[in-house]
Amino acid sequence: MAAALGYAASMFRSSLMFAVLSFVACGSRPGPEDSGTQLPVDAGETLDASVDAGEASDAGPENDAGIGHDAGIPDAGGLDAGVTDAGISSSRGDGGITCMSSVSFDGHSACLSSVNGTSFKVTLPNGGGGPYTLGIYLHGDGAGAYNSNSAVRRMLTLADAKHVLQIAVLAPNKCSWWQAPTAQFDGSCMNVGAPVPDTNAENAHKLAEVIDAVRAAYDIRNEQYLYYSASGGSIFLTRRFIPIYGEAYPGGMSINCGGEMPDDTDFAWAISDPAARGSTKMFFTYGDQDYLAADSHDTATGYATKGFVVDEKILPGVGHCGPGFDAHGRALEVWTQVLAP
């Protein structure tokens, strides 16, 4: 089901088909969850100046997503394998989402809605017909690019051309995807008290609820989702969401400056089955000076070992999500490649 994908990288690129990769600057993991210390919230990825001049988006995670196993596996739901007249398997949803408010930018409108307390924004493409491809943005700690809409705006031209419906989903705690809905933050998204890792994968179930609601409201393709995650959003995607919902919502994933490998017992589906892995291909991108570089590499290697199609790109001299790393641009590159004929 996965399409053959390839691209030429202008920056240093590493494939997982190698024997050894050395991280001089990062060495071994810092292990903040073991020490109990909270890492400072950082500025996150630098945005493209043409989108939000000079603004920095999502802050990085205060520490790793922690350890622990998922408490219960709900029914994935949402996969109404209806077939359209064009022969495309899709959800056949209709009626649209009820907007609590909306904001307009660049000839488009983002509709703010929520499902069981989880806020998200829906941006429809202009023109086109037939089922939509669903593009999902998962912010890093601080939710800067969610609040500014910059991640969605960067994708608009591609979304119009390829009929991509974009959703940007706010972490249930409003700040951090890898932390539990009960985690407390101040106005700057710094933890009030100790970080609270989402060891029960509550946020994974919350995101699945949003995806299912969008599928019920719009006609969404079943077999090719698009993901763009950054920092803490990448930790959440790899550590919590894919192990439970990776089979239900496969696709192309731009996973930036972060990641954490799940335990084998966390996987709720047959990851050894190529048909179950479907169209999923993971594109890991991070800097060799990132304090999460070792975690990102271990996650990429771990998923590749389990049979997933993985691409790993390492940016020399780049720290956590930049500067020197245009995460929005990288996600656009990945989505463009995934959607290519």
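Just so you know, the sequence shown maps onto residues -19 to -1, 1 to 322 in mature numbering (1 follows the signal peptide of the UniProt record, and there is no 0). Cβ atoms here follow ideal geometry from the backbone N, Cα and C, with glycine treated the same way. For clarity, every value in this text was computed on a predicted model and none was experimentally measured.
For residue i: DSSP bridge partner residues
{"i": "V291", "result": "M263"}
{"i": "M234", "result": "Y208 and M263"}
{"i": "G268", "result": "L296"}
{"i": "S131", "result": "According to DSSP, which records beta bridges pairwise, S131 is partnered with nothing at all."}
{"i": "V145", "result": "T114"}
{"i": "T99", "result": "V96"}
{"i": "I201", "result": "Y113"}
{"i": "V150", "result": "F101 and L119"}
{"i": "Q160", "result": "P178"}
{"i": "V84", "result": "A91"}
{"i": "F166", "result": "N172"}
Three-state secondary structure assigned by DSSP to residue i
{"i": "N172", "result": "strand"}
{"i": "S72", "result": "coil"}
{"i": "V191", "result": "helix"}
{"i": "D276", "result": "helix"}
{"i": "L313", "result": "helix"}
{"i": "D122", "result": "strand"}
{"i": "A91", "result": "strand"}
{"i": "D33", "result": "With a pLDDT of 35 at D33, under the threshold of 50, the predicted position of this residue should be treated as unreliable, and no value is reported."}
{"i": "P178", "result": "strand"}
{"i": "F222", "result": "helix"}
{"i": "F217", "result": "helix"}
{"i": "E183", "result": "helix"}
{"i": "G283", "result": "helix"}
{"i": "A308", "result": "helix"}
{"i": "A(-17)", "result": "Bear in mind that a pLDDT of 37 at A(-17), under 50, signals an unreliable position, so the number given afterwards is only what the model happens to contain. A(-17): coil per DSSP, three-state reduction."}
{"i": "A256", "result": "helix"}
{"i": "A140", "result": "helix"}
{"i": "T246", "result": "helix"}
CB contact flag (residue i, residue j, <9 Å)
{"i": "R134", "j": "D193", "result": "no"}
{"i": "A185", "j": "I216", "result": "no"}
{"i": "Y199", "j": "I295", "result": "no"}
{"i": "L105", "j": "Y118", "result": "no"}
{"i": "Y208", "j": "G239", "result": "no"}
{"i": "D75", "j": "G108", "result": "no"}
{"i": "F306", "j": "T280", "result": "no"}
{"i": "V299", "j": "D271", "result": "yes"}
{"i": "L273", "j": "L139", "result": "no"}
{"i": "D247", "j": "F264", "result": "no"}
{"i": "N154", "j": "T163", "result": "yes"}
{"i": "M234", "j": "S210", "result": "yes"}
{"i": "R258", "j": "G303", "result": "no"}
Supposed contact pair residue j and residue i - C-beta distance, whole angstroms, cut 8 Å
{"i": "G125", "j": "I69", "result": "About 35 Å separates the two Cβ atoms, so there is no contact after all."}
{"i": "A182", "j": "R221", "result": "5 Å"}
{"i": "G98", "j": "W158", "result": "That belief does not hold up - the Cβ atoms of G98 and W158 are roughly 15 Å apart, past 8 Å."}
{"i": "F101", "j": "S94", "result": "6 Å"}
{"i": "I148", "j": "V195", "result": "6 Å"}
{"i": "Y127", "j": "L146", "result": "Actually they are not in contact, since the Cβ atoms of Y127 and L146 sit about 17 Å apart, beyond 8 Å."}
Inter-residue Cα distance where the pair is residue i and residue j
{"i": "P178", "j": "M242", "result": "15 Å"}
{"i": "S212", "j": "E190", "result": "22 Å"}
{"i": "A249", "j": "L188", "result": "16 Å"}
{"i": "D245", "j": "S85", "result": "44 Å"}
{"i": "H301", "j": "I236", "result": "13 Å"}
{"i": "N203", "j": "M136", "result": "21 Å"}
{"i": "V22", "j": "D122", "result": "In this prediction, V22 has a pLDDT of 43, which is less than 50 and means its spatial position is unreliable; nothing more can be read from the coordinates."}
{"i": "R311", "j": "A197", "result": "30 Å"}
{"i": "A132", "j": "K287", "result": "30 Å"}
{"i": "G49", "j": "L115", "result": "Note that G49 scores a pLDDT of 31, beneath 50, so its modelled location is shaky and nothing firm can be said."}
{"i": "S260", "j": "V315", "result": "14 Å"}
{"i": "H144", "j": "G174", "result": "43 Å"}
{"i": "P297", "j": "G268", "result": "6 Å"}
{"i": "F166", "j": "P322", "result": "44 Å"}
{"i": "A256", "j": "H309", "result": "30 Å"}
{"i": "residue 393", "j": "G168", "result": "A question about residue 393 goes unanswered here, because the residues of the chain that appear run from -19 up to 322."}
{"i": "S71", "j": "A229", "result": "13 Å"}
{"i": "L28", "j": "Q205", "result": "Because the pLDDT at L28 is just 35, under 50, the model does not fix this residue reliably, and the value given afterwards should be weighed accordingly. One C-alpha to the other measures close to 26 Å."}
{"i": "N130", "j": "V103", "result": "11 Å"}
{"i": "C92", "j": "I223", "result": "26 Å"}
{"i": "C80", "j": "H120", "result": "21 Å"}
{"i": "V290", "j": "R73", "result": "29 Å"}
{"i": "Q318", "j": "Q160", "result": "31 Å"}
{"i": "T282", "j": "A251", "result": "19 Å"}
{"i": "K262", "j": "I201", "result": "19 Å"}
{"i": "L313", "j": "H278", "result": "22 Å"}
is_contact[residue i, chain D] using C-beta, thresh 9 Å
{"i": "G123", "result": "Among the protein chains of the structure shown there is no chain D, as only one such chain exists."}
Any non-hydrogen atom of the ligand MG within 8 Å of residue i CB
{"i": "Q205", "result": "Only the bare structure without any ligand can be found here, which leaves the ligand MG out of the picture."}
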